[in-house]
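First the structure, in the form of structure tokens, and then the observations on it.
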Amino acid sequence: MVDLYPLARPFLMAMDAEQAHNLTIAALKTGLVPGGSRRDPDVLAARVFGLDFSNPIGLAAGFDKNAEVPDAMLKLGFGFVECGTVTPRPQDGNPKPRLFRVPTAQAVINRFGFNNQGLDAYAARLSARAGRPGIVGANVGKNKDTVDAASDYTACIRRVAHLAKYLVVNVSSPNTPGLRTLQSRDALADLLGQCLAARTETGATPPLLLKVAPDLTDEDKADIAAVVLDSGIDGLIVSNTTLARPAAIPPALAAEAGGLSGRPLLEPSTKVLGEFYQLLGGKLPLVGVGGVSSGADAYAKIRSGASLVQLYSAMAYQGPALVGRIKAELAQRLTDDGYAHVADAVGAAHRKG
Ligand SMILES: Cc1cc2nc3c(=O)[nH]c(=O)nc-3n(C[C@H](O)[C@H](O)[C@H](O)COP(=O)(O)O)c2cc1C
0 MVDLYPLARP FLMAMDAEQA HNLTIAALKT GLVPGGSRRD PDVLAARVFG LDFSNPIGLA
60 AGFDKNAEVP DAMLKLGFGF VECGTVTPRP QDGNPKPRLF RVPTAQAVIN RFGFNNQGLD
120 AYAARLSARA GRPGIVGANV GKNKDTVDAA SDYTACIRRV AHLAKYLVVN VSSPNTPGLR
180 TLQSRDALAD LLGQCLAART ETGATPPLLL KVAPDLTDED KADIAAVVLD SGIDGLIVSN
240 TTLARPAAIP PALAAEAGGL SGRPLLEPST KVLGEFYQLL GGKLPLVGVG GVSSGADAYA
300 KIRSGASLVQ LYSAMAYQGP ALVGRIKAEL AQRLTDDGYA HVADAVGAAH RKG
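One point on numbering: in numbering that gives the first Met the number 0, the residue at position 350 of the sequence shown is 349, and numbering is uninterrupted.
Structure follows, in structure tokens:
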């Protein structure tokens with residue numbers, strides 16, 4: 000199918016960012032998606048937390064909050080798609096405008112605040128596609144006004160454990176007040192224990208991952224690593240958006256509240272990823288996300304310790320053909336460096352020689 004994105008891009012870029020996103024989802028729902036139907040090269044195949052990925056490049060959470068277009072995104076060539084963040088009850092999120100492009104920095108600032116249609120709509124859509132091929136993960140969170148956070152996470156897990164290939168406990172959005180405090184040692188140990196128990200109750204065993212923020216002190220990181228290893232969860236996603244405002248962000252936009260993603264997040268999030276790889280001693284698979292817009296960026300994440308990579312913001316600037324470009328470039332780099340499989344390059348930056 001012809002890629003219409005180059006034609007649509009100027010119109011999308013001229014629109015309000017959230018409207019452009021909604022239009023993109025609507026277009027994807029028509030099913031008229033350019034197919035990246037070519038088979039992925041063997042060098043990109045990866046087996047991670049018991050799942051077989053045809054390539055390690057995934058769509059990060061937040062693009063498809065309501066699980067409306069996972070199959071369209073798989074068809075574009077992503078090796079996996081993470082839907083959500085979903086909360087038990089529908090919620091509107093923060094007042095608009097709440098999504099801002101920063102084109103000069105290839106960055107995005109958002110303060111959506113978990114706007115989503117709620118668990119019923121989300122689970123119904125996942126249920127309707129049950130049995131279809133492709134790795135679709137479910138990213139879960141809490142409603143803004145819920146006091147007992149764990150009850151929201153466990154409600155989501157109970158509902159989607161049979162419908163998703165993996166689960167993500169998202170405690171790292173900067174846009175839900177208090178959410179990030181769930182990353183502190185005791186709160187996290189308690190939350191992960193309850194989430195794992197909820198998964199066990201369902202009888203399903205999808206891998207359970209934790210998604211963390213990039214803005215963590217050394218003590219936070221050491222605590223999280225200890226809790227994660229102790230808890231028995233299956234992996235870590237590093238990272239969500241940052242509250243930092245690097246110099247590349249023009250002052251007027253830097254003043255907007257919310258999480259920053261895209262190119263300026265590449266270096267800090269990859270650094271935190273590498274730190275977690277070392278803290279965890281390579282014992283747990285990591286998913287590297289933040290600022291990936293090329294095969295070289297994806298390769299840097301893998302060499303720093305990521306078994307899988309995700310992206311979101313770069314697609315807003317480069318369109319869906321980006322996925323194919325990243326895969327081709329990554330395959331070339333792996334082959335040039337003599338790696339037969341992605342797994343062989345994971346953490347290479349930390350090894351001598
Ligand atoms: C508009 C927008 C909405 C997002 N919503 C979510 C979300 O609901 N849940 C979540 O875990 N991450 C969310 N994220 C964070 C992304 O999944 C990702 O961690 C972050 O954007 C860094 O990757 P990137 O630089 O490739 O965009 C969102 C990001 C953006 C830009």
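From the three backbone atoms N, C-alpha and C, an ideal C-beta is built for every residue, glycine too. Model, not experiment: these values are computed from the prediction.
- Each of G192, D335, L162 was checked against the Cα of S150, and the nearest Cα belongs to G192.
- Per DSSP, F52 is one residue of the beta strand (DSSP E) stretching across 50-52.
- The beta carbons of C155 and L118 sit closer together than 8 Å.
- Fewer than three pairs of CB atoms, one per stretch, sit closer than 8 Å, so the segment 23-34 makes no contact with the segment 107-118.
- A45 is bridged by DSSP to F52.
- Annotated as distal: L215 and T240, with beta-carbon spacing of 8 Å or more.
- Residue pairing by DSSP places N109 opposite L98, G258 in a beta bridge.
- Taking C-beta atoms as the reference points, Q182 and A212 count as a pair closer than 8 Å.
- Pairing A297 with V167 gives a Cβ-Cβ distance that is not under 8 Å.
- At least one heavy atom of ligand 1 lies less than 7 Å from the C-beta of A60.
- As far as DSSP is concerned, C155 takes part in no beta bridge.
- For N169, the enclosing beta strand (DSSP E) stretches over residues 165-169.
- Under the DSSP assignment, A197 falls in the alpha helix (DSSP H) whose first and last residues are 184-201.
- Annotated three-state conformation of V308 is strand, per DSSP.
- The alpha-carbon separation between A348 and Y276 amounts to approximately 11 Å.
- P249 and G257 have their C-alpha atoms roughly 15 Å apart.
- Bridge partners of Q90 according to DSSP: N115.
- Just so you know, the alpha carbons of N65 and K351 end up roughly 44 Å apart.
- Of all alpha-carbon atoms in G130, D15, S268, the one lying nearest the alpha-carbon of V308 is that of S268.
- With respect to the C-alpha of A148, the residue from P87, P206, V42 having the closest C-alpha is P87.
- Looking at the DSSP output, E218 sits in no beta bridge, so it has no partner there.
- Setting aside the 5 residues that flank it on each side, K95 is surrounded in the same chain by E17, each with a C-beta closer than 7 Å to its C-beta; the list follows chain order.
- Around the beta-carbon of K141, 16 or more other beta-carbon atoms lie within 10 Å, marking it buried.
- Taking 8 Å as the cut-off, the beta carbon of D233 is found closer than this to the beta carbon of L207.
- The secondary-structure analysis by DSSP pairs G57 across a beta bridge with F79, Q309.
- Within a 10 Å sphere around the beta-carbon of M12 sit fewer than 16 other beta-carbons, which makes this residue exposed.
- Judged by beta-carbon spacing, F52 lies within the 8 Å limit of G78, meaning their Cβ atoms are closer than that value.
- Contact annotation, G130 with L73: C-beta distance approximately 14 Å; criterion of less than 8 Å not satisfied.
- If you draw a straight line from the Cα of Y165 to the Cα of P319, it is about 24 Å long.
- Under the three-state reduction of DSSP output, T180 falls in the helix class.
- At the C-beta level, Q105 and R324 stay beyond 8 Å of one another.
- Setting aside the 5 residues that flank it on each side, V271 is surrounded in the same chain by P213, V237, S238, each with a C-beta closer than 6 Å to its C-beta; the list follows chain order.
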